[in-house]
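Numbering (UniProt numbering), first residue to last: 1 to 297. Just so you know, even glycine gets a beta-carbon here, dropped at the ideal spot from N, CA and C. These numbers were taken from a predicted model, which means no experiment stands behind them.
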């Protein structure tokens, strides 16, 4: 039944490849635990006690509560799938609760360091330098996710309307406006991109915007290393990832008075609750201003 479940989320729910891989890993881990601990080869026959035992074993291994909760969410989807298809009589997840987690605020880079990185850090004028700066400009200038950047194609960019279209979670498209400086950066990069493809004719049919130095499609680790390298020049944040630039995009917009609903649409969130987390950063900033400026603070 696990294979049918994975096919369901891939072809019917149309979840992203990243999410599918995570679900598949969770189900494999759960199945191995049931077989080793209970000699049970069919996860659909597991009861709530077995599931809680698996959760307890992960907690004993000091796994982060957020990671455990994600695995719990996978099982909820799995048993809901079985219940809808009448493969089970009752849902064992009804007696399973998510673990408590501390609410952490999104990490972001302050405006001045971001300006320093984009305006003062020296990027080479060759393909590599132009590509690196464009990656940073796109992530910070649009708030797109890592997967959205990697899968962005030249045909997704409209340089006449100054917009680009990304394919987000659950295969939903959204249109994001881009500023003139980003349009110029894209135009300059595209000229050098053509030269790279001429030097690597085996990749001449590659339509992805961001390429490696040999003309292949960029991959997650490549972008993560690139972002970490440049962010290390301007910030001491422990986390220096593409997602930090997404948080930075949203926080800077909010700090400058952007409407929360507009930020929600730009980020591709399905609900306002997911976007409201950024208001906490703004409130914390206001508290600091108050503490520093008010006579009775």
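- Identify whether residue 72 lies in helix, strand or coil by the three-state DSSP scheme. The answer is helix: DSSP assigns residue 72 an H, G or I state.
- Message: Suppose you measure from the CA of residue 52 to the CA of residue 93; what does that come to, to the nearest Å?
- Response: Spanning the two alpha carbons is a distance of roughly 9 Å.
- Query: DSSP on residue 212, reduced to helix/strand/coil?
  - Reply: Assignment of residue 212 by DSSP, reduced to helix, strand and coil, places it in the coil class.
- Message: Taking 8 Å as the limit between beta carbons, can you name the residues of its chain near residue 230, skipping five residues before and five after?
- Response: Result list for residue 230: 117, 121, 132 and 136, in chain order.
- Message: For the pair the region 74-85 and the region 23-30, tell me if three or more CB-CB distances fall below 8 Å.
- Response: Three or more beta-carbon pairs drawn from the region 74-85 and the region 23-30 are found closer than 8 Å, and the two stretches are therefore classed as touching.
- Query: Helix or strand or just coil, what does DSSP make of residue 88?
  - Reply: Reduced to three states, the DSSP call for residue 88 is coil.
- Item | Per-residue DSSP class, three states only, for residue 153 | Strand.
- Could you tell me whether the Cβ atoms of residue 99 and residue 91 are closer together than 8 Å? It is not a contact, given that the beta carbons lie outside the stated cut-off.
- Is the beta carbon of residue 157 sitting closer than 8 Å to the one on residue 186? Closer than 8 Å, so yes.
- Rounded to a whole number of angstroms, what is the C-alpha to C-alpha distance between residue 258 and residue 87? Taking the straight line joining both Cα atoms gives about 48 Å.
- Item | Alpha carbon of residue 8 to alpha carbon of residue 170, nearest angstrom | Counting only the Cα atoms, residue 170 lies some 13 Å from residue 8.
- Item | Whether residue 130 touches residue 216 by CB criterion (8 Å) | Not closer than 8 Å, so no.
- Query: Is residue 9 helix, strand or coil when you go by DSSP?
  - Reply: The answer is helix: DSSP assigns residue 9 an H, G or I state.
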